[in-house]
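Undergrad: Attaching a single structure in structure tokens format; questions to follow.
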Amino acid sequence: MSGRNWSLPLALLFLALLGWYLFYTEQLVRAFRADTATLTRMFSEVQEGLADTSSTGPLQALYELQQIILDSRVPLILTGPGDTIISAVNLPFEADPATALGQARILDYARRLELRHAPVGDPTVQLIRFGDPPELQRLRWIPWLQAGGLLLTFLIGFLVLRAQRRAAADRAWTAMARELAHQLGTPISSLQGWLEVIRLSPRDRPAGIDDAEIAGEIEQDVHRLERVSRRFELIGREPRLGAIDVGEVVRGVERYLKGRLPRLGAGVRLKVHIRKGLPEVKGSEVLLAWALENIVKNALDALAGRGGTISLRAFHREAGWVTVEVRDTGPGVDPLIRDRLFEPGVSGKAGGWGVGLSLAHRIVVRIHGGRLELLQTGPEGTVFQLRLPVAESP
């Protein structure tokens, strides 16, 4: 399940936990408010008893106080000498103190209450054992319930994150395999074609192609295969980085693409401007050229069937950074994928594999410690900005 598909269930879970916690807390607040009202009633009864000068006034006030305490739902057990149960109220179970079984059960509960609260009274006369009211017992569960909710949220989040990482890894491997097949396909097809030409007699070969020309073309295809192999070898491990000239990388990409523009993008013009005196950057020329090629090919895809201009600019404005901008006059990036443009498998092209920009992002950001971002997009065109840290002076 993708991150967006998981977001709604996680949000609902969070809202459910929050709503339950607020409801539970509100119930406790109401219970404590009721306790405050009970204490106020007790104070009122004492005041009335003190103000009543009749002989029965104080007794009536004590009776009322006793009734208020009994209504508070606090477990109370009154025992006489020898732990004989005299009376018990607000117990969490039903028991008749007039029976031996009821006496034993209530006494066992009384001793458990004594572990938390010291009895009140004289053991030779009578003792009162008491427990916690239901509200306080519910309050004791709050830390455990909070911890359980947090643990559940963490566990679900961890599982979702792991599933997303596995899905991203699967997409990355699939995209890499497709990209490798795509890059190997062109020189292999070319080699197969030249093999067919070699099998022909010299007089049957098209345009009188001789063996030296065929050997030259085969050599170029072999170089392309070596370059592809070298690129995928470097992307799979930590490459050795050295001081390189970004201007030379841009010029190399220009030379590679200009001979292929009529086939890759009919009606597309490539403009290159490299500022003089660019400082060197620390990187891999092979990988940076690959990243830049992928960004330019993305621009070519945007201009397919409509023509336009692709501009490459390399300059040094910020201290410590060399910047390369790739600008095209295409229709812009689909708003639905802008936030996920550098994720494996995300493509704005029908049938696209979504590997070029994700590879470029990995090369620039994770391998070279640089920055690659979509700087601008819209009907007027798209601008990608690639920034690389300047190499430290020896």
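Just so you know, we're using our numbering here: the sequence shown kicks off at 342 and counts up by one. Heads up, the beta-carbon is just placed ideally off N, CA and C, and yes, glycines get one too.
From L363 to L492, what distance separates their C-alpha atoms?
TA: Each residue's alpha carbon lies about 18 Å from the other.
Undergrad: Where D675 and G593 are concerned, what is the direct C-alpha to C-alpha distance, given to the nearest angstrom?
TA: Their backbone Cα atoms lie some 30 Å apart in a straight line.
Undergrad: Below 8 Å on the Cβ atoms is my guess for L454 versus G472; work out the distance and round it to an integer in Å.
TA: 5 Å
Undergrad: Can you give me the Cβ contacts of G671 inside the same chain, cut-off strictly under 7 Å, excluding the 5 residues immediately before and after it?
TA: A640, A643, L644, G649, G722, T723
Undergrad: Measure how close the beta-carbons of P580 and V731 come, nearest whole angstrom, since I'm counting them as under 8 Å.
TA: P580 to V731, Cβ: 19 Å. No contact.
Undergrad: Write down the C-beta distance between V591 and A655 rounded to the nearest angstrom, noting that I regard them as a contact closer than 8 Å.
TA: Yes, they are in contact, since the Cβ atoms of V591 and A655 sit about 5 Å apart, within 8 Å.
Undergrad: According to DSSP, what are the bridge partners of K638?
TA: Paired residues: none, contrary to the question.
Undergrad: Taking C-beta to C-beta, are H702 and F683 nearer than 7 Å?
TA: Contact flag set, yes.
Undergrad: State the beta-bridge partners of R610 as determined by DSSP.
TA: The partner list for R610 (beta bridge, DSSP) reads T650.
Undergrad: If we count the other Cβ atoms within 10 Å of its Cβ and call it buried at 16 or more, is F725 buried or exposed?
TA: buried
Undergrad: At which residues does the alpha helix (DSSP H) containing R744 begin and terminate?
TA: What is shown of the chain runs 342 to 735, which leaves residue 744 out entirely.
Undergrad: Near G711, which residues of its chain fall below 7 Å by C-beta distance, leaving aside the five closest residues on each side in sequence?
TA: Here G711 has V705, L727, R728, L729, P730 as same chain residues with Cβ atoms under 7 Å from its own Cβ, once five neighbours each way along the sequence are excluded.
Undergrad: Report buried or exposed for G692, applying the criterion of at least 16 other Cβ atoms within 10 angstroms of its Cβ.
TA: For G692, the pLDDT reaches just 48, beneath the cut-off of 50, and the residue's location in the model is therefore unreliable, although a value from the coordinates is still provided. So G692 ends up on the exposed side.
Undergrad: From the DSSP output, read off the bridge partner residues of L729.
TA: For L729, which the question treats as bridged, DSSP gives the partners V663.
Undergrad: Should L411 go down as buried or exposed, given a rule of 16 or more other Cβ atoms within 10 Å for buried?
TA: exposed
Undergrad: With DSSP as the reference, identify every bridge partner of T723, one or two as the case may be.
TA: D669, T718
Undergrad: Below 7 Å between beta carbons: does that hold for G646 and T718?
TA: no
Undergrad: Would you identify the three-state DSSP class for E624, choosing helix, strand or coil?
TA: Correcting the residue identity first, residue 624 is Gly in this sequence and not Glu. Reduced to three states, the DSSP call for G624 is strand.
Undergrad: Can you tell me which residues form a DSSP beta bridge with F471?
TA: L417
Undergrad: For the alpha helix (DSSP H) that D463 lies in, which residues bound it at each end?
TA: Per DSSP, D463 belongs to no alpha helix (DSSP H); it is in the beta strand (DSSP E), 461-463.
Undergrad: Please report how far the alpha carbon of I426 lies from the alpha carbon of L403, in whole angstroms.
TA: 22 Å
Undergrad: Measure the C-alpha to C-alpha separation of F355 and G490 and round it to an integer number of angstroms.
TA: 9 Å
Undergrad: If you draw a straight line from the alpha carbon of P438 to that of R470, how long is it in whole angstroms?
TA: Their backbone Cα atoms lie some 15 Å apart in a straight line.
Undergrad: Going by beta-carbon coordinates alone, are G528 and L502 separated by less than 7 Å?
TA: In the sequence under discussion, the amino acid at residue 528 is Pro, which differs from the Gly named in the question. No.
Undergrad: Should L525 and V569 be called a contact, given that it needs their Cβ atoms to be closer than 7 Å?
TA: yes
Undergrad: Is the beta carbon of I418 closer than 7 Å to that of A451?
TA: yes
Undergrad: Indicate the three-state DSSP secondary structure (helix, strand or coil) for F495 in the structure shown.
TA: helix
Undergrad: By the DSSP assignment, the alpha helix (DSSP H) with I447 in it spans what residues?
TA: 441-455
Undergrad: Tell me which residues share the same chain as H564 and place their Cβ nearer than 6 Å to its Cβ, disregarding the 5 neighbours each side in the sequence.
TA: none
Undergrad: Are the CB atoms of V538 and V663 within a distance shorter than 7 Å?
TA: Between V663 and V538, the C-beta gap is not smaller than 7 Å, which leaves the two residues out of contact.
Undergrad: Let me know if L598 comes out buried or exposed under the rule of 16 or more other beta-carbons within 10 Å of its beta-carbon.
TA: buried
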